[in-house]
Structure formats: C-alpha cells, structure tokens
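Chemist: In our numbering, the protein residues as written are 1 to 281. C-beta atoms are modelled at their ideal positions from N, C-alpha and C, and glycine is treated no differently.
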Amino acid sequence: MDVVTTIAACRAARRRHTRLGFVPTMGYLHEGHLSLVRRAKAECGAAAVSIFVNPTQFGPNEDFARYPRDPERDLALLRGTGADWVFLPEVETMYPPGATTAVDIGGVTAMLEGAVRPGHFRGVATVVAKLFNIVQPSRAYFGQKDAQQCVVIRRMVRDLDMPLDVVVCPTVREPDGLAMSSRNAYLKPAERQVAIVLYRALCAAEARYASGERGGDTLRETVRAVLAAAPHDGIDYVSVADPDTLTELDRVGPIGALLSLAVRFGGTRLIDNIALAGAPA
Ligand code: AMP
C-alpha cells in the first residue's frame with residue numbers, strides 16, 4: 001500500500017488502474033470507514049483512500065483543531081483492507097495560498113446540518129470536488145451515516161456532470177446501536193452510555209412507521225419523546241424529510257423519508273439517521 005502526499009504522485013498512482021474505487025475520509029478510522037474501503041476494493045478491483053481533515057468544512061467555533069488524528073494507526077488499519085494507495089495531503093497541498101474557488105450546491109445544503117453549520121457543505125463540496133479531480137475515481141463511496149452529505153455529493157456530481165458513480169453504503173454501528181463516528185472518541189463514559197438513545201429514538205419512530213404511521217409530526221414527536229427521557233445538552237433538530245429534496249414532510253409519501261437527528265452531549269455533537277423505506281415499486 002503506497003502513501004502519497006502530492007497531487008502529482010496521486011495522478012501517477014491513478015494511472016496504474018483502469019477502474020478505481022475511492023473513499024474520502026478525515027481519518028481516525030473505524031469499522032464504518034473500513035467497510036467502505038473493502039466494498040470499493042471488491043467492486044472496482046482497486047481502492048484509494050484519502051485522509052484529510054478539511055479545514056474549510058469546520059466553522060470558526062467548531063472542533064477542527066481538536067479533531068482526532070492518528071495517521072499511523074489509520075495506515076495500519078488500511079493495510080488490512082486491500083487499499084492500494086492512500087492520499088495524505090498537507091493543508092497547503094489542498095489549499096495553496098491564493099486559492100479562492102468554492103463549490104456552492106445551494107438547495108439541499110440550506111437545511112439540517114447546513115442550517116446549524118453554515119458554510120459546512122460549501123467546504124465539503126469544495127474539497128470533494130478537488131479530490132475527485134485529483135483522484136479521478138470510477139466510483140466514490142460514502143456512508144449513509146452522513147445522509148445529507150450523500151444527497152449533497154450526488155447533487156454536485158449530477159449538476160457538474162462529474163464522470164463517476166456515487167455509492168452510498170449502510171451505517172456501521174457499535175453492538176449497542178450507536179453509529180460509529182470518529183467524534184465518539186470525545187464522549188465521556190457516562191455520555192457514551194446515554195448516547196445509545198439516538199438510535200433507540202430513531203428505531204421507536206421507525207417502528208411506528210412500520211405499523212402504518214405516516215404523519216411527520218407524530219414521527220418527529222416519537223423521536224423527541226424518547227430523547228427527552230435521557231440526559232443530553234440539546235437537540236439541534238429532529239427531521240422527517242423528503243429523501244431527495246430534504247424538505248420537511250407533513251406526511252410520508254410513497255418514496256419514503258429520511259428520519260434524522262442531531263443531539264449534543266456536553267461539547268460533542270452527534271448525528272444519526274434511518275431511511276424510512278418507500279413503498280415497493
Ligand atoms: P469522515 O471521516 O467522518 O469524513 O467519514 C468518511 C466517510 O465515512 C463518509 O462517507 C462517512 O459517511 C463514512 N462513515 C463515517 N461513519 C460511518 C459509519 N458509522 N458507517 C458507515 N460509513 C461511515
């Protein structure tokens with residue numbers, strides 16, 4: 001497994017493969033990331049991973065400086081996945097002095113994470129567009145864990161005619177249901193225990209949906225009622241939204257919905273979601 005740090009070395013590594021699956025990450029890898037890499041390798045024959053904590057997707061008061069980093073451990077984990085090469089750029093490589101271009105997706109970036117984290121998806125779209133141009137993958141793999149990010153990237157690829165497929169992979173969870181996240185490392189032991197309430201709350205609403213409930217408010221209320229029973233430090237949102245446009249729904253229709261939430265525990269903000277399946281076509 002090669003480790004490359006320059007754009008020129010990336011391009012040279014890319015030329016060795018016909019098809020390439022690509023997994024962009026911010027590092028501090030866990031089984032969720034590794035599941036994407038294994039799938040990229042299995043489906044494309046070759047897999048590349050980027051590890052880059054992208055400063056432009058963090059707000060001024062967010063956790064860029066303290067975001068967990070352990071590249072040596074990440075590389076050791078990746079060696080077990082069949083990844084062919086890893087792109088590990090410095091900030092100056094991705095953003096040389098004087099760079100001013102940004103990618104603005106509009107529409108689906110306004111709500112949910114975008115409403116709470118202004119500018120976040122501008123940073124995400126810009127760095128992912130740059131990574132796609134540098135790595136030139138046949139397919140790029142993203143996790144359902146960051147559902148709105150998947151919608152934003154799909155929109156960008158469509159709107160800008162980028163020549164690659166976007167593949168969305170299931171959320172990998174801890175045995176107790178907590179969605180794996182690099183940010184789980186921030187949780188104090190008591191917060192970690194309580195954090196399982198996120199998935200429980202989503203599952204409670206999913207169960208009501210499965211038994212026929214279609215009212216957006218009722219489903220959102222079901223989530224909030226479960227969250228209310230556990231100590232947390234604030235709910236940023238509980239959403240039942242159209243899976244394509246992310247607008248809030250009064251009623252869930254035949255295409256189903258994205259049920260998502262963001263909740264704070266101390267200084268840690270966790271997100272999770274479940275897709276409420278639509279009617280079979
Ligand atoms: P990050 O390093 O947090 O930017 O994540 C890199 C990629 O891994 C993104 O596509 C995430 O959606 C995905 N990912 C993060 N956590 C999980 C998880 N628990 N299960 C599946 N994919 C995940």
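Residue range of the beta strand (DSSP E) that Arg269 falls in?
Modeler: 268 to 276
Chemist: Can you list, in chain order, the stretches of the beta strand (DSSP E) that have 3 or more residues and sit fully within the stretch 14 to 51?
Modeler: Annotation: the stretch 14 to 51 contains the following complete segments of the beta strand (DSSP E) (minimum length 3 residues), in chain order: 21 to 25, 47 to 51.
Chemist: Can you give, in chain order, each stretch of the alpha helix (DSSP H) that sits fully within the stretch 80 to 127 and has at least 4 residues?
Modeler: Within the stretch 80 to 127, complete alpha helix (DSSP H) segments of at least 4 residues are found at 91 to 94, 113 to 116, given in chain order.
Chemist: Let me know if Gly27 comes out buried or exposed under the rule of 16 or more other beta-carbons within 10 Å of its beta-carbon.
Modeler: buried
Chemist: May I have the straight-line CA-CA distance separating Ser35 from Asn184, to the nearest angstrom?
Modeler: 18 Å
Chemist: Less than 9 Å between CB atoms is the rule here; does Asp244 satisfy it with respect to chain B?
Modeler: Structure shown: chain B not included; a single protein chain is present.
Chemist: Give the single residue among Glu72, Leu75, Arg73, Asn54 whose Cα lies nearest to the Cα of Ala65.
Modeler: Asn54
Chemist: Does the stretch 175 to 189 come close enough to the stretch 118 to 134 that 3 or more CB-CB pairs lie under 8 Å?
Modeler: Segments in contact, no.
Chemist: Counting along the chain, where does the alpha helix (DSSP H) carrying Ile153 start and finish?
Modeler: 147 to 159
Chemist: With a threshold of 8 Å, establish whether the CB of Pro280 neighbours any heavy atom of the ligand AMP.
Modeler: no
Chemist: Which term fits Gln193, buried or exposed, when burial requires 16 or more other beta carbons within 10 angstroms of its beta carbon?
Modeler: exposed
Chemist: Can you pull the DSSP bridge partners for Ser239?
Modeler: Beta-bridge pairing links Ser239 to Ser260.
Chemist: Which residues in the same chain have their Cβ closer than 8 Å to the Cβ of Arg208, if we skip the five residues on either side of it in sequence?
Modeler: Non-local beta-carbon contacts of Arg208 in its own chain, meaning distances under 8 Å to residues more than five positions away in sequence, involve Thr218, Leu219, Thr222 in chain order.
Chemist: Taking Arg192 as part of the beta strand (DSSP E), name the residues at either end of that continuous run.
Modeler: No beta strand (DSSP E) holds Arg192; the alpha helix (DSSP H) holding it covers 189 to 194.
Chemist: From this set, Arg154, Ile105, Gly177, which residue's C-alpha is nearest Val168's C-alpha?
Modeler: Among Arg154, Ile105, Gly177, the Cα nearest to that of Val168 is on Arg154.
Chemist: Can you give the Cα-Cα distance for Tyr141 and Glu191, rounded to whole angstroms?
Modeler: 30 Å
Chemist: Please name the residue, chosen from Pro280, Asp244, Ala277, Ser239, that lies closest to Ala262 on a Cα-to-Cα basis.
Modeler: Ser239
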